[in-house]
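What follows is a set of notes on a single structure, which appears directly below.
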Amino acid sequence: MHDIIRMFMDVPWTSIYLGKDVSESSFGRLWFTGYQRVFLVLRHYAHTNCTLPRPFERYNRSILQVLTKAVCPSGSQASREDWEQHITQVVYHINTSPHSATRRAPFQVLCGYDPVRPRELSILSASGLSLITEEKSTEEIRKKARELLQASQTRLEENANAKRKPADVAIGDMVLLKSYVRKGKFTTPYEGPYYVRNTV
Numbered sequence: 263m264h265d266i267i268r269m270f271m272d273v274p275w276t277s278i279y280l281g282k283d284v285s286e287s288s289f290g291r292l293w294f295t296g297y298q299r300v301f302l303v304l305r306h307y308a309h310t311n312c313t314l315p316r317p318f319e320r321y322n323r324s325i326l327q328v329l330t331k332a333v334c335p336s337g338s339q340a341s342r343e344d345w346e347q348h349i350t351q352v353v354y355h356i357n358t359s360p361h362s363a364t365r366r367a368p369f370q371v372l373c374g375y376d377p378v379r380p381r382e383l384s385i386l387s388a389s390g391l392s393l394i395t396e397e398k399s400t401e402e403i404r405k406k407a408r409e410l411l412q413a414s415q416t417r418l419e420e421n422a423n424a425k426r427k428p429a430d431v432a433i434g435d436m437v438l439l440k441s442y443v444r445k446g447k448f449t450t451p452y453e454g455p456y457y458v459r460n461t462v
């Protein structure tokens with residue numbers, strides 16, 4: 263993971279934050295701590311003109327939140343320079359935590375079984391034995407996860423549309439369209455008017 267961070271630090275986009283080109287060593291020594299560097303790496307796509315799919319944005323945000331608590335807990339004066347030591351634990355924690363929608367960990371949905379925990383490497387625990395004999399097949403786990411995910415999406419859609427009213431527009435009416443392009447402070451946020459020629 264440290265090599266990946268270093269790869270990001272060698273590219274010219276560091277000038278976006280500093281306003282000038284600097285080397286990796288002076289960048290780390292003079293400007294930002296290691297914790298702030300990993301923050302910039304995780305937020306890299308937000309500062310360039312490209313967008314990641316939402317699951318990746320959510321994953322990066324989760325890593326950043328857990329990493330913040332692991333590196334510098336509240337009320338602690340711990341140094342933020344040791345963030346690299348926590349990345350493996352943070353990713354393991356996220357991949358093995360049950361998701362609220364699927365009720366299963368991402369690792370379990372992908373592989374069909376729970377990951378072997380470090381404590382279980384030295385001893386064969388009872389959970390490992392029951393896992394071999396009682397666990398369902400991977401396809402059944404994924405099918406159940408898809409059903410739960412679909413139910414969760416339907417529930418979220420119903421909550422989002424609870425107070426939504428259908429547009430009362432007839433053919434021949436004149437309407438204004440709201441523009442989400444950022445403009446000046448005193449410019450109108452609407453475009454038009456336009457005539458309605460057809461309704462869906």
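Numbered per the working numbering, the sequence shown spans residues 263 to 462. All C-beta atoms in this analysis are idealised placements derived from N, C-alpha and C, irrespective of residue type, glycine included. If you're wondering where the values come from, they're calculated on a predicted model, not measured in any experiment.
Tell me, please, which residues DSSP counts as bridged to Y456.
For the purposes of this step, residue 456 is taken as residue 194 along the sequence shown, with counting starting at 1. According to DSSP, which records beta bridges pairwise, Y456 is partnered with V437.
May I ask you to report which of helix, strand or coil DSSP gives Y442?
To locate residue 442, count along the sequence shown from 1; it is residue 180. Here Y442 sits in coil by DSSP.
Looking at C-beta atoms only, is the number of pairs between the stretch 405-424 and the stretch 360-369 that lie closer than 8 angstroms three or more?
The answer is yes - the stretch 360-369 touches the stretch 405-424, with three or more Cβ pairs under 8 angstroms.
Enumerate in chain order the residues of its own chain whose CB-to-CB distance from A432 is below 6 angstroms, with the five nearest sequence positions on each side excluded.
Position 170 of the sequence shown holds residue 432. Here the set comprises nothing.
Assign F301 to one of three DSSP states: helix, strand, or coil.
As a position in the sequence shown, residue 301 is number 39, starting the count at 1. Reliability fails at F301, whose pLDDT of 49 lies under 50, so the model's placement of it is uncertain and no value is given.
Relative to the ligand PLP, is the shortest distance from any of its heavy atoms to the C-beta of K425 smaller than 7 angstroms?
As far as ligands go, the structure on display features none, and thus does not contain the ligand PLP.
Counting Cβ pairs closer than 8 angstroms, one from the stretch 352-360 and one from the stretch 319-333, do we hit at least three?
Yes, the stretch 352-360 is in contact with the stretch 319-333.
Taking C-beta to C-beta, are G374 and S399 nearer than 8 angstroms?
Position 112 of the sequence shown, counting from 1, holds the residue named residue 374. Position 137 of the sequence shown, counting from 1, holds the residue named residue 399. The answer is yes: Cβ separation under 8 angstroms.
Give the straight-line distance between the Cα atoms of E401 and Q370, rounded to the nearest whole angstrom.
Sequence index remark: in the sequence shown, residue 401 carries index 139 (1-based). Sequence index remark: in the sequence shown, residue 370 carries index 108 (1-based). So the alpha carbons of these two residues sit roughly 11 angstroms apart.
Secondary structure at N322, three-state DSSP: helix, strand or coil?
Here residue 322 refers to the residue found at position 60 when the sequence shown is read from its first residue. Note: N322 maps to helix in three-state DSSP.
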